[in-house]
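**Student:**
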Amino acid sequence: MRRSISRRRFIELSAKGFGTAIISYGLMGCNSDKDSDSSSISATFEHGVASGDPTSAAVILWTRVTPETDGDVTVGWEVATDEEFNTLITNGETTTNSDRDYTVKVDAVGLDSGTRYYYRFFVGQTQSTVGTTLTLPQGDVSSVTLAVVSCSNYPAGYFNVFDLIAERDDVDALLHLGDYIYEYARGEYASDNAEALDRQVLPATELFSLSDYRTRYAQYHTDSSLQKAHAKLPFITIWDDHEVANDAWKEGAENHNDGEGDYDERKSVATQAYFEWLPIRPWSEGDHEDIYRSFSFGNLVDLHMLDTRLLARDEQLSYDDYLDDDGNFDEDGLTAALSDSTRTMLGATQLAWLQQQLSASTATWQVIGQQVLMGTMTLPAAVATQQLSISDYATLGQLAQIAARVAAGDSSVTDEESAYLAANQDLLTDEVVALLELPDIPYNLDAWDGYAYEREVLLQTIKSLGVNAVVLAGDTHNAWANNLSDVDGDAVAVEFATSSVSSPGMEEYLGFAASEAETYEAAIVDMVDGLQYSNLLERGYLLVQLTETKASATWYFVDTILSTDYSELTDRRRQGYMSLNSPQLVMVSE
307 MRRSISRRRF IELSAKGFGT AIISYGLMGC NSDKDSDSSS ISATFEHGVA SGDPTSAAVI
367 LWTRVTPETD GDVTVGWEVA TDEEFNTLIT NGETTTNSDR DYTVKVDAVG LDSGTRYYYR
427 FFVGQTQSTV GTTLTLPQGD VSSVTLAVVS CSNYPAGYFN VFDLIAERDD VDALLHLGDY
487 IYEYARGEYA SDNAEALDRQ VLPATELFSL SDYRTRYAQY HTDSSLQKAH AKLPFITIWD
547 DHEVANDAWK EGAENHNDGE GDYDERKSVA TQAYFEWLPI RPWSEGDHED IYRSFSFGNL
607 VDLHMLDTRL LARDEQLSYD DYLDDDGNFD EDGLTAALSD STRTMLGATQ LAWLQQQLSA
667 STATWQVIGQ QVLMGTMTLP AAVATQQLSI SDYATLGQLA QIAARVAAGD SSVTDEESAY
727 LAANQDLLTD EVVALLELPD IPYNLDAWDG YAYEREVLLQ TIKSLGVNAV VLAGDTHNAW
787 ANNLSDVDGD AVAVEFATSS VSSPGMEEYL GFAASEAETY EAAIVDMVDG LQYSNLLERG
847 YLLVQLTETK ASATWYFVDT ILSTDYSELT DRRRQGYMSL NSPQLVMVSE
């Protein structure tokens, strides 16, 4: 993991040949004997094992112990190059306790690049599951494969998507782009099937305290599919909003209301629990605020993970502020707000860091992993403000076009079109015509569309440097592929966005039947400039494969999250790619 020189506040890793680096989770010593009962407290491993934040010489190893009684628990760990642990590479001991919720983090260093390792933990005679991990490659690299997920909602359904990924043997790392947990109380968002599936959340209340967030993470980590994925692959994670509260920003959140305590305290305990429960390397001891960081996959890929949510984001704009009591839309006011150069999502420090990383990199591909859609996703205002559905807008728009052609004396109007207009003329009321004449506006002001000035600054940076950039996004619970263009219309980069692991998408909000999905998907692609692909129905993941000539994306989906007996929907699999030095998406059939 590479960070800029100006931000080197973390503890330097040991030179190759040493076993561990001390981080903020209680590492002690380097001589472990799994046959000795060095822990005076018995404990079990109920939450699996995990690895994360790999570098070419190190990786974070994680587990959590469940002790019989409170107190310090000594945990041994081992890393080997074989599953039987005949070739032991490094080992050690660490101590955990209730101060860190009995989680264990070890920064295992002195490893070889591009190598698969096996690891395990011990408490006395009790052994954890064996996990596998990979260090990052160095030098000449011909290909990199990344699995990308977001929005894993426990009560919404089973985590079959994680299981599907864990069945692969060709993935170098799994990127989780946020919403690893959700903060809602039992019976709230996406909980319709929770009781029947025995997936009601713990605690039953909304999350506010450190204990609340820890309990929710603990519950998520009992999911067998999530445990399977964590044990199979190194994770590289960033948070989005629901790790704290819905639509979070630097000083508040939509789901943090009066009477719910101090927001800064809530954010602080939420991010503390995040760092405790995920295999992420902190910038420095005790830092659980900074998560933007870079990873190098040899000379092929530099991956830059951003925080567009908690660190510096200004409060989201709201359409309610630009609609008067009569429903009139203040287009000029919204345009001025979107053009405000002081509004930020990244903040000046993070933006400067990213610009420096992009400028200094010599890798073939620059991959930007972040939370929200960067593509310009504008929709007709009547659709974006939910005054007309997509299907109604398409129908009425077609009718209005025929009416306009008739009024203009267009001789090409067919008899069928004239008959269609005559039969439906009464639908074109003055109110409907006014709605159809409204401009296109961003449909999601929580995404980069709500921070258009800063997006343009970033796109101009990419353009001026001439780098091959791929942007990754999550957040929306649906799959997308976008061409990213600057204000001059020049193609700059491409965006691949993943569907959700289990959170519901537009199929819930728009209320269409599964049989109508492809019609809606085609309609929205037709409406949105730059949008090349959408899946509005299924849960799934994104596989990104980068070579010396191409950056490819393949979207995979599961047929159900309401049963662990699932299959991949092969007929819904789609693929797109960007060729080197040609930032234009090409969509193909798998």
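Heads up, the sequence shown is in our numbering, so the first residue is 307 and it goes up one at a time.
Positions of the beta carbon are idealized from the N, C-alpha and C atoms, including for glycine.
Give me, in chain order, the residues of the same chain whose beta-carbon lies closer than 7 Å to that of TYR519; leave out the 5 immediate sequence neighbours on both sides.
**Tutor:** Stepping through the sequence shown from its first residue, residue 519 is reached at position 213. Excluding positions up to five away in sequence, the list reads LEU513, VAL575, ALA576, ALA579.
**Student:** Assign LYS556 to one of three DSSP states: helix, strand, or coil.
**Tutor:** Here residue 556 refers to the residue found at position 250 when the sequence shown is read from its first residue. Looking at LYS556 - three-state DSSP - the assignment turns out to be coil, as it is neither helix nor strand.
**Student:** Which partner residues of ILE903 appear in the DSSP bridge assignment?
**Tutor:** Residue 903 falls outside the range modelled here, since the chain spans only 307 to 896, and no answer is possible.
**Student:** Below 7 Å CB to CB, which residues in the same chain sit around LEU852 once its five sequence neighbours on both sides are set aside?
**Tutor:** Locating residue 852 in the sequence shown gives position 546, counting from the first residue. The answer, listed in chain order, is SER449, VAL450, LEU606, VAL607, TRP671.
**Student:** Would a C-beta distance cut-off of 8 Å place SER458 and TYR486 closer than the cut-off?
**Tutor:** As a position in the sequence shown, residue 458 is number 152, starting the count at 1. As a position in the sequence shown, residue 486 is number 180, starting the count at 1. For SER458 and TYR486, yes; Cβs fall inside 8 Å.
**Student:** Is it buried or exposed, GLN533, if we count other Cβ atoms within 10 angstroms and call 16 or more buried?
**Tutor:** Here residue 533 refers to the residue found at position 227 of the sequence shown. GLN533 is buried by the Cβ-count criterion.
**Student:** Measuring CB to CB, does TYR408 end up less than 8 Å from THR372?
**Tutor:** Start at 1 with the first residue of the sequence shown, and residue 408 comes out as number 102. Start at 1 with the first residue of the sequence shown, and residue 372 comes out as number 66. It is a contact, given that the beta carbons lie within the stated cut-off.
**Student:** Determine the contact status of VAL850 and PHE468, defining contact as a CB-CB distance below 8 Å.
**Tutor:** Within the sequence shown, numbered from 1, the residue matching residue 850 stands at position 544. Within the sequence shown, numbered from 1, the residue matching residue 468 stands at position 162. In this structure, PHE468 does not lie closer than 8 Å to VAL850 by Cβ.
**Student:** Anyone know if the C-beta pair for THR521 and LEU539 falls short of 8 Å?
**Tutor:** On the sequence shown, position 215 is the one that residue 521 refers to. On the sequence shown, position 233 is the one that residue 539 refers to. Not closer than 8 Å, so no.
**Student:** Quick one: complete alpha helix (DSSP H) runs, 4+ long, within the segment 719 to 785?
**Tutor:** Listed in chain order, the complete alpha helix (DSSP H) runs (minimum 4 residues) inside the segment 719 to 785 are 721 to 730, 736 to 742, 758 to 771.
**Student:** Contact between the segment 834 to 846 and the segment 693 to 713: three or more CB pairs below 8 Å?
**Tutor:** Touching, no, given that fewer than three Cβ pairs across the two stretches are closer than 8 Å.
**Student:** If contact is defined by three or more beta carbon pairs under 8 Å, each pair taking one atom from either stretch, is the segment 778 to 792 in contact with the segment 709 to 717?
**Tutor:** Output reads no: the segment 778 to 792 does not touch the segment 709 to 717.
**Student:** Taking ASP359 as the reference, give the member of PHE581, ALA669, SER873, SER885 with the closest Cα.
**Tutor:** Translated into the one-based positions of the sequence shown, residue 359 becomes position 53. Among PHE581, ALA669, SER873, SER885, the Cα nearest to that of ASP359 is on PHE581.
**Student:** Going by beta-carbon coordinates alone, are ALA859 and GLN890 separated by less than 8 Å?
**Tutor:** By 1-based counting over the sequence shown, the position of residue 859 is 553. By 1-based counting over the sequence shown, the position of residue 890 is 584. No. Outside cutoff.
**Student:** To the nearest whole angstrom, what separates the beta carbons of THR650 and LEU584, a pair I think is in contact under 8 Å?
**Tutor:** Numbered from its first residue, the sequence shown carries residue 650 at position 344. Numbered from its first residue, the sequence shown carries residue 584 at position 278. Going by Cβ atoms, the distance from THR650 to LEU584 rounds to 26 Å, so no, they are not a contact pair.
**Student:** Compare the beta carbon distance of ASP613 and GLN656 with 8 Å and say whether it is the shorter of the two.
**Tutor:** Within the sequence shown, numbered from 1, the residue matching residue 613 stands at position 307. Within the sequence shown, numbered from 1, the residue matching residue 656 stands at position 350. Yes.
**Student:** Hey, how far is the Cα of GLY653 from the Cα of ASP620?
**Tutor:** Mapped onto the sequence shown, residue 653 falls at position 347. Mapped onto the sequence shown, residue 620 falls at position 314. Between GLY653 and ASP620, the C-alpha separation is close to 9 Å.
**Student:** Are the segment 742 to 750 and the segment 718 to 728 in contact at 8 Å, needing three or more beta carbon pairs?
**Tutor:** Contact fails: fewer than three Cβ-Cβ distances are below 8 Å.
**Student:** For the beta strand (DSSP E) that SER590 lies in, which residues bound it at each end?
**Tutor:** Along the sequence shown, one-based indexing puts residue 590 at 284. Premise fails: SER590 is in no beta strand (DSSP E) and is neither H nor E.
**Student:** What is the residue span of the beta strand (DSSP E) that TRP861 lies within?
**Tutor:** The residue given as residue 861 occupies position 555 in the sequence shown. Element bounds for TRP861: 856 to 863.
**Student:** CB HIS527 to CB GLY681, shorter than 8 Å?
**Tutor:** In the sequence shown, the residue the question calls residue 527 occupies position 221. In the sequence shown, the residue the question calls residue 681 occupies position 375. No, they are not a contact pair.
**Student:** Just tell me which of VAL455, ASN750, ALA820 has its CA closest to the CA of ALA479.
**Tutor:** Indexing the sequence shown from 1 puts residue 479 at position 173. Selected option, being the one with the closest Cα: VAL455.
**Student:** Is GLN663 closer than 8 Å to SER600 when the C-beta atoms are compared?
**Tutor:** As a working mapping, residue 600 is identified with position 294 in the sequence shown. As a working mapping, residue 663 is identified with position 357 in the sequence shown. In contact: SER600 and GLN663 (Cβ atoms closer than 8 Å).
**Student:** Identify whether ALA479 lies in helix, strand or coil by the three-state DSSP scheme.
**Tutor:** Residue numbering aside, residue 479 sits at position 173 when the sequence shown is read from its first letter. Residue state, collapsed to three classes: strand.
**Student:** Should ARG878 go down as buried or exposed, given a rule of 16 or more other Cβ atoms within 10 Å for buried?
**Tutor:** One-based indexing of the sequence shown puts residue 878 at position 572. Looking at its Cβ environment, which holds 16 or more other Cβ atoms inside 10 Å, ARG878 is buried.
**Student:** Buried or exposed for MET893, going by 16 or more other Cβ atoms inside 10 Å?
**Tutor:** Position 587 of the sequence shown holds residue 893. MET893 comes out exposed.
**Student:** In three-state terms, what does DSSP make of GLY639?
**Tutor:** The residue given as residue 639 occupies position 333 in the sequence shown. DSSP places GLY639 in helix when its eight states are reduced to three.
**Student:** Whose CA, out of ALA363, TYR726, ILE867, lies closest to the CA of GLN444?
**Tutor:** Position 138 of the sequence shown, counting from 1, holds the residue named residue 444. Nearest of ALA363, TYR726, ILE867 to GLN444, Cα basis: ALA363.
**Student:** Can you list, in chain order, the residues of its chain whose CB lies under 6 Å from that of TYR464, leaving out five sequence neighbours each side?
**Tutor:** Against the sequence shown, residue 464 aligns to sequence position 158. Excluding sequence neighbours, TYR464 sits near ILE867, THR870.
**Student:** Whole angstroms is fine: what's the gap from ASP626's alpha carbon to ASP632's?
**Tutor:** In the sequence shown, counting from the first residue as 1, residue 626 sits at position 320. In the sequence shown, counting from the first residue as 1, residue 632 sits at position 326. Looking at the two C-alpha atoms, the distance is approximately 12 Å.
**Student:** Using the C-alpha atoms, what's the distance from ALA453 back to THR421?
**Tutor:** Taking the sequence shown and counting its residues from 1, one reaches residue 421 at position 115. Taking the sequence shown and counting its residues from 1, one reaches residue 453 at position 147. The straight-line gap from Cα to Cα measures roughly 18 Å.
**Student:** I'd like the span of the beta strand (DSSP E) that includes MET611, first residue to last.
**Tutor:** Within the sequence shown, residue 611 is the residue found at index 305, counting from 1. Per DSSP, MET611 belongs to the beta strand (DSSP E) from 607 to 611.
**Student:** Can you give, in chain order, each stretch of the alpha helix (DSSP H) that sits fully within the segment 817 to 859 and has at least 4 residues?
**Tutor:** With a minimum length of 4 residues, the continuous alpha helix (DSSP H) runs that stay inside the segment 817 to 859 are 823 to 833.
**Student:** Return the first residue and the last residue of the alpha helix (DSSP H) that GLU571 is part of.
**Tutor:** Taking the first residue of the sequence shown as position 1, residue 571 is located at position 265. Residues 569 to 583.
**Student:** Sort GLY567, SER515, TYR460 by Cα distance to SER530 and report the nearest one.
**Tutor:** Working through the sequence shown from its first residue, we reach residue 530 at position 224. It is TYR460.
**Student:** If you count every other CB in all the chains shown that lies within 10 Å of the CB of SER517, and 16 or more means buried, which is it?
**Tutor:** Along the sequence shown, read from residue 1 onward, the residue named residue 517 stands at position 211. Label assigned to SER517: exposed.
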